[in-house]
Amino acid sequence: MKKELIQMARCHFSRILALMCLSMTGMYVNAQDANVGALPKGTEIQSASFLGIGGHDVQDTYLSPNMYSGQALVVASEKTTLMSGKGRRSYLNKWTKADVGMLSDNALRGAEISFHADMLESRMWMFYDDARFTVLAGYNMNFLVGGVYNLRNSNNPAQAKVYAGAGLGTMGIWRFQYGYVPFAVRLSLDMPLLGLGFSPEYGQLYYQIYENGLTDHNIFLSHPFNSDNFSGRLMIDIPAGNVQLRTGVELRGYSYKVNNLKSHQIESNLMLGIVKKLEYGYNGRNR
Amino acid sequence: MKKHILRLALMACVLCFTQCVKPDDTYEDTPSGNLKALWEIIDQRYCFLEYKAQEYGLDWDGVYQKYSRRIVDDMSEEALFEVLGDMLSELRDGHVNLYSVRDVSRYWSWYQDYPVNYSEDLVNNYLGKDFRIASGMYYKILDDNIGYMRYASFSDVISESGLDAIFAHFLLCNGLIIDVRSNGGGSLEYESQLVSRFTNESVLVGYVSHKTGPGHEQFSEPEERMVIPADEYYRWQKPVVVLTNRGCFSATNAFVNDMSCLPKVCIIGDRTGGGSGIPASSELPNGWSVRFSSAPMFTKDMKHIEFGIEPDIKVDLDPVMAAQGKDSMIETARAYLNSLLD
């Protein structure tokens with residue numbers, strides 16, 4: 001147990017270090033803020049819609065000790081709004097996603113359906129910006145609702161997933177040209193650290209929750225020593241005629257160990273989207 | 288400089304996507320792996336191990352030793368299923384099953400080792416052809432003005448309007464017989480819905496608990512099970528007899544327990560079959576599904592009812608009366624209810 005805690009602490013420390021590294025890449029180069037014309041607060045910087053397919057791995061010991069894997073359909077949208085144009089610029093980035101996956105166990109005899117609605121709101125400040133690089137970092141709020149439904153189980157057929165929490169996030173943008181074609185690569189990393197989650201007790205049935213209400217153990221404090229929550233997106237913007245395409249991968253993980261139960265979900269989603277609005281770049285250079 | 292930035296960014300990615308909460312190790316999909324998985328599921332999640340150790344000396348560690356000897360690496364799925372099914376039958380629990388594509392292992396001795404005490408032919412002699420059906424219940428007023436309702440499964444949907452129709456039909460009856468013999472259970476929701484028609488006030492009928500961890504004695508504080516009167520609907524105010532046999536299991540066992548806590552209710556027949564653990568499910572590495580008792584229910588005196596409930600008046604089906612087309616258990620119930628009129 002102690003060894004496990006030390007491992008988790010080390011792991012989360014690495015994560016935080018990673019976020020700091022990425023944030024500091026900008027500051028390390030040259031801490032300067034872009035001096036472009038002040039845009040009004042609330043200006044929508046960009047907006048994009050995505051469709052994706054993903055591979056999901058789920059293990060929820062409330063339902064089954066088996067690991068379930070399968071494909072999922074994903075829809076998502078991303079919207080960035082300017083929150084403050086004066087001093088150090090700040091932005092609100094909303095990543096909203098819904099997914100549904102059909103999963104099976106290794107023996108291909110069991111089936112589970114996983115479904116989630118996931119919203120990540122990141123408030124980030126610009127730490128570096130020039131013609132090629134933009135680096136932002138800040139905090140985020142994460143709201144997740146969903147569940148896993150086992151198609152065979154009797155009185156424990158489903159496990160609900162509910163989480164609300166806050167953490168740290170960062171985003172880096174690298175702009176480059178290949179020939180005359182401009183590209184932009186975006187890397188977003190978010191790690192909700194503290195929050196509240198829901199879990200039934202070890203042998204508690206939803207029938208009992210329905211009949212007798214929640215117990216003291218059904219709402220748990222989620223922290224780095226009992227849960228693991230991260231989201232990362234690596235996307236590239238590709239101009240295609242008059243349309244701006246955005247494609248890349250999203251890695252999403254949400255795991256926790258509470259009430260002697262372990263829930264583990266890892267998603268890797270391949271996303272393709274269209275940038276609907278790109279009136280201003282982060283540096284106001286219209287890209 | 289750019290290289291430094293890229294290196295840092297790359298390092299950040301690698302670090303960020305390192306998993307902190309690792310998934311549990313899964314068992315190997317081999318005969319011994321499946322046996323171990325099944326044994327551990329029961330060891331950690333089954334709710335009656337301690338109780339059954341006291342009742343009949345169940346030694347779950349010994350069970351593993353006993354059945355692991357029957358496992359060989361190249362055994363067929365059929366042979367493995369037989370071993371695992373035999374291992375589960377040590378629990379003597381009708382709520383415990385192993386499901387494969389080909390078969391379902393079960394323990395049915397809770398009723399097969401005892402007199403049936405129910406005959407559909409005899410019941411049909413009382414129902415005749417002009418009985419009514421509502422909410423899954425067959426019902427009729429018998430010649431001596433006693434209402435008779437037969438409920439064969441708590442999986443049959445009960446509606447409030449259906450129950451109102453039944454009680455309206457029985458409005459002028461002197462008593463009521465609820466025949467739940469050989470009712471193997473179903474929904475606890477329907478069970479409490481039906482019981483709520485027989486009380487005018489909230490009554491404590493028992494407790495329910497659940498496991499809080501893998502230890503054999505890790506249980507939550509028992510939560511009260513209350514019967515709340517169905518205030519907005521017809522409620523029965525006259526004497527009631529509940530007819531029981533060994534086929535009364537699970538939700539029906541809970542129904543008999545709950546009814547026995549109410550005034551004007553008499554349980555007549557044979558001991559019920561039991562089954563007081565609310566079942567849950569899990570799975571083996573080979574994809575077989577296992578059902579097991581997960582949350583124990585107790586009487587209002589915190590006694591286990593896993594092995595059934597004794598009736599107030601013990602009656603078996605009399606073969607002599609049966610030969611005459613009469614159900615001795617129904618006749619006893621009628622005589623009891625009519626005796627209350629004197």
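Protein sequences, first through last, are from chains A and B. Just so we're aligned, residue 1 is where the first sequence starts under my numbering, counting upward by one. Just so we're aligned, residue 288 is where the second sequence starts under my numbering, counting upward by one. The C-beta atom is built at its ideal place from N, Cα and C for all residues, glycine as well. Note that the coordinates shown come from a computational prediction; the quantities given were computed from them, not determined experimentally.
- Nearest in C-alpha terms to B/LEU628, of all of B/VAL444, B/LYS551, B/GLY423, B/ARG533, is B/LYS551.
- DSSP places B/GLU364 in the helix class (H, G or I) of the three-state scheme.
- Contact annotation: in the stretch 105-126 of chain A, residues whose CB is within less than 9 Å of a CB in chain B are ASP105, ASN106, ALA107, LEU108, ARG109, GLY110.
- Between B/PRO516 and chain A, the shortest Cβ-Cβ separation is not below 8 Å.
- Separation of A/GLY110 and B/THR313 (C-alpha to C-alpha, rounded to the nearest whole angstrom) is 15 Å.
- The Cβ of B/CYS548 sits no closer than 8 Å to any Cβ of chain A.
- Counting only Cβ-Cβ distances below 7 Å, A/ASN242 has no contacts in chain B at all, with the closest Cβ about 31 Å away.
- In the DSSP assignment, B/ARG621 falls within the alpha helix (DSSP H) that extends over 615-626.
- Apart from the 5 residues on each side of it in sequence, A/THR96 sits with its Cβ closer than 7 Å to the Cβ of ALA76, SER77, MET119 in its chain, given in chain order.
- Here DSSP, grouped into helix, strand and coil, assigns B/ASP400 to coil.
- Rounded to the nearest whole angstrom, the C-alpha separation of A/ALA131 and A/ARG186 is 14 Å.
- Every unbroken stretch of the alpha helix (DSSP H) spanning 4 or more residues and falling wholly within the stretch 155-219 of chain A is given here in chain order: 206-212.
- The C-alpha of B/GLY472 is placed about 5 Å away from the C-alpha of B/SER537.
- With the criterion set as a beta carbon lying under 8 Å from some beta carbon of chain A, the members of the stretch 381-395 of chain B are TYR386, VAL388, in sequence order.
- Residues of the stretch 492-506 of chain B with a C-beta atom less than 7 Å from some C-beta of chain A are VAL495, HIS497, LYS498, THR499, GLY500, PRO501, listed in chain order.
- About 20 Å separates the CB atoms of A/GLU201 and A/TYR149; that is not less than 8 Å, and the two are not in contact.
- Distance between A/TYR206 and B/CYS535, taken at the CA atoms: about 24 Å.
- A residue is called buried when at least 16 other Cβ atoms come within 10 angstroms of its Cβ; B/LYS416 does not meet this threshold and is exposed.
- Non-local beta-carbon contacts of A/HIS223 in its own chain, meaning distances under 6 Å to residues more than five positions away in sequence, involve LEU194 in chain order.
- Residue environment analysis places A/ARG88 among the exposed positions, since fewer than 16 neighbouring C-beta atoms fall within 10 angstroms of its C-beta.
- A/GLY101 and A/HIS56 have their C-alpha atoms spaced approximately 7 Å apart.
- By the neighbour-count criterion, in which 16 or more other beta carbons inside 10 Å mark a residue as buried, B/LYS339 falls on the buried side.
- Residue state for B/PRO606 is assigned as helix, using DSSP reduced to three classes.
- With contacts defined by Cβ atoms closer than 8 Å, B/ILE453 and B/SER422 form a contacting pair.
- Fully contained in the stretch 540-565 of chain B is no alpha helix (DSSP H) run of length 4 or more.
- Bounds of any beta strand (DSSP E) do not take in A/TYR62, whose DSSP letter is neither H nor E.
- Under the Cβ criterion of 8 Å, A/PRO182 is not counted among the residues facing chain B.
- Judged by DSSP secondary structure, A/ASP118 falls within the beta strand (DSSP E) whose first and last residues are 111-129.
- Between the beta-carbon of B/THR531 and that of B/ILE515 there is about 24 Å, and that puts the pair past the 8 Å contact cut.
- For A/ALA107, no beta strand (DSSP E) encloses it, and the DSSP letter there is neither H nor E.
- In this structure, B/GLY493 sits near B/MET584, with a CB-CB distance shorter than 8 Å.
- In the DSSP assignment, B/LEU322 falls outside any beta strand (DSSP E) and within the unbroken alpha helix (DSSP H) covering 318-332.
- It is roughly 43 Å from the alpha-carbon of B/ARG356 to the alpha-carbon of B/GLU511.
- Proximity of B/GLU365 to chain A, defined by a Cβ-Cβ separation below 8 Å, is not satisfied.
- B/ASP380 has its alpha-carbon roughly 14 Å from the corresponding atom of B/THR559.
- With a threshold of 16 other beta carbon atoms within 10 Å, B/PRO526 meets it and is buried.
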